[in-house]
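Chains as they are written, first to last, in this note's numbering: chain A, 9 to 120; chain B, 2 to 115. The C-beta atom is built at its ideal place from N, Cα and C for all residues, glycine as well. Below is one structure, written out as structure tokens, with a few remarks after it.
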């Protein structure tokens with residue numbers, strides 16, 4: 009157990025809809041990162057949040073957005089869902105600048 | 002841009018066989034290197050890490066990895082695999098000071114047969 013929890017575990021959405029995924033970071037960790045893991049691929053970095061602001065972003069369009077709250081928990085929002093957004097979304101927490109990331113179990117999103 | 006290559010996508014071994022999974026990275030600076038494992042239905046877990054110092058690092062469950070800077074490699078090894086090692090293995094890298102922004106390889110699916 010890593011102490012990083014994500015909800016929901018599974019989700020089915022229709023193309024064009026919007027989705028919000030949630031993550032509670034491990035106690036004491038102040039940085040949250042989100043990753044997308046498509047089938048048969050390694051996780052890809054979406055963005056990182058620190059002090060409630062985005063602190064680095066991977067190659068993902070603006071319809072992928074996030075929030076971080078004062079308690080360090082985080083949300084990932086995806087607008088205008090596309091079929092290719094179907095993936096496992098992983099949240100990882102760490103101390104800011106720390107190289108060790110601890111992952112949650114992920115949210116499996118299916119877009120139909 | 003940094004990248005990670007894992008050359009073996011699927012590996013099938015018998016119990017007690019030796020394992021070596023290849024990982025090469027591309028990055029123009031000091032790196033931190035990781036191997037993560039994902040057992041079926043479970044979250045990504047850190048197997049071992051290299052930040053600096055001894056290039057031979059030992060991790061959990063008898064795994065080890067060797068950092069060869071001249072070859073930009075960080076291969077994972079285990080002398081004798083067990084059925085319970087069946088999982089997907091990911092090599093990852095981030096720049097020193099890069100915090101939680103990891104670049105992963107595509108993964109190697111290992112199946113250990115009894």
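Query: With a threshold of 8 Å on Cβ separation, who are the neighbours of residue 9 of chain B within its own chain once the five nearest residues in sequence on each side are excluded?; Result: 22, 23 and 109
Query: Please identify the residue among B/42, B/38, B/44 and B/67 whose C-alpha is closest to the C-alpha of residue 53 of chain B.; Result: B/67
Query: What does a CB cutoff of less than 6 Å around residue 11 of chain B pick up in its chain, not counting 5 residues either side in sequence?; Result: 110
Query: My assumption, with CB atoms under 8 Å, is that residue 29 of chain A sits in contact with residue 115 of chain A. Please give the rounded CB distance.; Result: 5 Å
Query: Let me see if you follow: with CB-CB separation under 8 Å, is residue 33 of chain B close to chain A or not?; Result: yes
Query: If you reduce the DSSP assignment to three classes, tell me which class residue 63 of chain B lands in.; Result: helix
Query: Look up residue 115 of chain B in the DSSP assignment and say whether it is helix, strand or coil.; Result: coil
Query: Under DSSP, the beta strand (DSSP E) around residue 58 of chain A begins and ends at which residues?; Result: 52-58
Query: Where does the unbroken beta strand (DSSP E) through residue 5 of chain A begin, and where does it stop?; Result: Within the shown structure, residues of chain A are numbered from 9 to 120, placing residue 5 of chain A beyond reach of any answer.
Query: If you follow the beta strand (DSSP E) that residue 99 of chain A is part of, which residue opens it and which one closes it?; Result: 95-102
Query: Please name the residue, chosen from B/81, B/45 and B/104, that lies closest to residue 65 of chain B on a Cα-to-Cα basis.; Result: B/81
Query: Does the stretch 75-92 of chain A come close enough to the stretch 44-62 of chain A that 3 or more CB-CB pairs lie under 8 Å?; Result: yes
Query: Is the shortest distance between the beta-carbon of residue 16 of chain A and the beta-carbons of chain B less than 8 Å?; Result: no
Query: Can the beta-carbon of residue 104 of chain B be found closer than 8 Å to that of residue 5 of chain B?; Result: yes
Query: In whole angstroms, what is the alpha-carbon distance linking residue 3 of chain B and residue 29 of chain B?; Result: 8 Å
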